[in-house]
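Engineer: Each number in my numbering comes from the position in the sequence shown (counting from 1) with 69 added on.
Glycine residues also receive a C-beta, built at the ideal position from the N, C-alpha and C atoms.
Okay, handing you the structure first.
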Amino acid sequence: MGNELFRVRRPFWWITSSIYVEIDGKEIGVVHRRWHLWRRVYDLYLGNKQFAVVENPGLWNWTFTLKDIDGQILAEIDRDWRGFGFEVFFFQKYHLLILT
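Here's what the structure looks like:
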């Protein structure tokens with residue numbers, strides 16, 4: 070086995086969730102999910118400072134927009150839909166990352 074570089078921890082959650090990134094037991098980053106009825110919104114933190122927000126406009130939409138604190142778009146993450154047959158019978162998923 071190799072050396073552990075960092076650890077990603079996701080405790081049990083009911084409605085909103087958080088994911089913690091740790092190096093040598095010290096928390097360096099956190100992702101908090103904000104509750105919304107149909108949208109997926111995530112707040113990204115480095116240490117105690119929020120540096121970005123990931124937003125998704127709707128329940129079945131696979132495009133996520135990464136924005137900085139000022140609301141400027143940093144990137145978009147989009148899922149490349151390959152058709153019903155591929156999605157159901159194969160485990161190959163393709164995502165596109167568009168940096169601005």
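1. Quick one: measure Cβ to Cβ for L128 and K136, integer angstroms, because I've assumed they're closer than 8 Å.
2. What is the DSSP secondary structure of N125, reduced to helix, strand or coil?
3. Quick one: is V77 buried, meaning 16 or more other Cβ sit within 10 Å of its Cβ, or exposed?
4. Can you tell me whether DSSP reads Q141 as helix, strand or coil?
5. Kindly give me the distance between the Cβ atoms of F75 and I92, rounded to whole angstroms, as I take these residues to be in contact under 8 Å.
6. Relative to the C-alpha of R148, which candidate in N125, L113, D139 and Y89 has its C-alpha closest?
7. What do you get for F175, buried or exposed, if any count of 16 or more other CB atoms within 10 angstroms of its CB means buried?
8. From the DSSP secondary-structure annotation, give me the bridge partner or partners of S87.
Structural biologist: The short version:
1. Incorrect: roughly 20 Å between the Cβ atoms, too far for contact.
2. strand
3. exposed
4. coil
5. 5 Å
6. N125
7. Since the first residue of the chain shown is 70 and the last is 169, residue 175 is not available in this structure.
8. H101
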